[in-house]
Amino acid sequence: MTLADLPPRQIAYFVPDIRAAALAHHRQFGSGPFFVIDHVALSRSEHRGTPRPLDHSSAYGQWGGVMVEFVQQHNPDPSAYHDIYPAGGNGLHHVALFVGDLGAALAEHAAAGNQTAQYAVTATGTAFAFIDTTRSLGHMLELYEPSPGLTGFYAMVAAAADGWDGSDPIRTINL
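Offset between the sequence shown (1-based) and our numbering: plus 179.
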């Protein structure tokens, strides 16, 4: 596997307020609508191999051909987000890629010297990992396998943007 074979699926920013950031992005770029998930439920979370809680919320919207995410962390614990933004702040955090085999991709990155900064599994069973590529890329990579639930979510966000009139730009949902 080479990164050249993996198109970016999402660009994500760490921010102090996901709703404000999503609305500002919408106003500047016409992106959206944004679907907000408050306190994303996780069944597992590890930061650099150590189990740690990760309480975060995310807003997902379409920006042209790519999904854009705004994420905020609610708890002060160490995380892949706090690795880049230890005192809060905001900015580009990661680019997400779909991989055919998450375990194999993690092993390849480890062999190349890129540590797994965060490994987590959502309550719905989607595993994802943040690979620390900050030295080479300036941001993390998020990797996950394209399951029907995940690709269905991406398709729903893209479909909502298709022909969207700009109304109701921030929508809270539950998964």
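Glycine included, every Cβ here is placed at the ideal spot set by N, Cα and C. All figures in this text were calculated on a predicted structure; none of them were measured in a lab.
Any C-beta of chain D under 8 Å from that of residue i
i    : result
T303 : Any reference to chain D falls outside this structure, which holds one protein chain only.
Residue nearest to residue i in terms of C-alpha spacing, selected from the options
i    : options                : result
P195 : Q251, A337, R350, Y264 : Q251
H253 : Y239, D280, G228, A220 : A220
L233 : N269, I349, R350, P255 : P255
L271 : I352, F193, L185       : F193
S237 : Q207, A201, D262, G228 : A201
A296 : D184, R231, R198       : R231
Y260 : T312, I352, S326       : T312
T351 : L185, I190, R198, A334 : R198
P327 : T303, A338, A339, I310 : T303
Close-in-space but distant-in-sequence residues of the same chain around residue i (CB under 8 Å, 5 per side omitted)
i    : result
P187 : V245, V274, A275, L276
Y264 : F193, G270, H272
Residues near residue i by beta carbon distance below 7 Å, same chain, minus five either side
i    : result
Y298 : E225, A308
Straight-line gap, residue i to residue j (C-alpha atoms, nearest Å)
i    : j    : result
A266 : S258 : 12 Å
T330 : W343 : 20 Å
Q227 : Q294 : According to the sequence as given, residue 227 is Arg; it is not Gln. For R227 and Q294, the distance between alpha carbons rounds to 8 Å.
Q207 : W242 : 11 Å
Cβ shell of residue i (< 6 Å), same chain only, five flanking positions each side left out
i    : result
D217 : S236
Burial state of residue i, where buried means 16 or more other Cβ atoms lie within 10 Å
i    : result
S315 : exposed
G317 : exposed
| said: Suppose only complete runs of 4+ residues qualify. What are the alpha helix (DSSP H) ranges in the segment 324-352, listed by chain order? | reply: Annotation note: the segment 324-352 contains the following uninterrupted alpha helix (DSSP H) runs of length 4 or greater, listed N- to C-terminal: 327-340.
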